[in-house]
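*Asks:* FYI, in the working numbering the residues of the sequence shown are 20 to 171. No residue lacks a Cβ here, since even glycine has one placed at the ideal position from N, Cα and C. Quick one: structure below, then a few questions.
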Amino acid sequence: MYANVLLIHNWLRWFTLIMCIGAIVYAARPVRSDTKELPGNAWDTYLMLAVDLQMLTGLILYFGLSVFTKVAMENPAGAWGDPTVRYWSVLHAGAMFASLLTVRVARILALNAPTPAIAQRRRLIWFIISTAVILSAVPWPFLSNGRPLFRF
Ligand code: HEM
């Protein structure tokens, strides 16, 4: 079970990053003057879905399966002292939770923008921020807590 959820969580990372790129590309396009519809609006929803699925599998790992977060929950005070436990229980999960919020912020600010051009600019800025947060919190193989790019 642990291995299967890790595998899903690992592959979902690629789905999430592709959705990030798609959302940024469409948010960077100019708005058409003959419509109020924002270009590639559906990508916002796909990105939210991707981050939500990542969150769901992350929570299953966090509260059910991960050996690292189990150690952290058994001894919260000691978790900060161990770099690996700290990374998984605080840094990775915390930053990824922040990315979920920034994707929501992008959507809400765009929906409440006074003009489509402003909505588009807000989407672009917040999707770039979300992507930067995600990229910074992924356990890339070259990091000390690195994980494989692809799991089989
Ligand atoms: C965009 C969001 C996220 C991305 C891109 C992401 C990415 C990853 C990746 C690539 C791994 C390594 C998987 C492997 O070993 O093959 C991982 C592991 C993990 N993630 Fe995430 N994650 C995200 C969100 C979250 C969230 C929100 C949580 C917690 C609530 C979380 C908790 C974990 C845990 C506990 C592990 C595994 C540690 C272990 O080996 O036991 N992740 N994540």
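Determine whether the beta carbon atoms of L104 and V90 lie at a separation below 8 Å.
*Replies:* According to the sequence shown, residue 104 is Val rather than Leu. V104 places its beta carbon less than 8 Å from that of V90.
*Asks:* Between the region 108-124 and the region 64-79, are three or more C-beta pairs nearer than 8 Å?
*Replies:* yes
*Asks:* Measuring CB to CB, does A125 end up less than 8 Å from F146?
*Replies:* yes
*Asks:* Please list, in chain order, all residues of the same chain as V157 whose beta carbon is under 7 Å from its beta carbon, the five residues on each side excluded.
*Replies:* R32
*Asks:* Given 7 Å as the limit, tell me if M20 has its C-beta closer than that to any heavy atom belonging to ligand 1.
*Replies:* no
*Asks:* If we ignore side chains and look at the alpha-carbon of each, how far apart do I137 and A129 end up?
*Replies:* 8 Å
*Asks:* Taking the alpha-carbon positions, what's the P160 to S52 distance?
*Replies:* 45 Å
*Asks:* So is I40 buried or exposed if we call it buried at 16+ other beta carbons inside 10 Å?
*Replies:* exposed
*Asks:* In chain order, what residues have a CB nearer than 6 Å to some heavy atom of ligand 1?
*Replies:* L25, H28, N29, R32, T35, V70, Q73, M74, G77, L78, L80, Y81, S85, V86, F87, T88, W107, H111, A112, M115, F116, S118, I153, V157, P158, R166, P167, R170
*Asks:* Is it true that the CB of K55 sits closer than 8 Å to the CB of P135?
*Replies:* yes
*Asks:* DSSP three-state call for F146: helix, strand or coil?
*Replies:* helix
*Asks:* Could you tell me if T35 is buried or exposed, where buried requires 16 or more neighbouring beta carbons within 10 angstroms of its beta carbon?
*Replies:* buried
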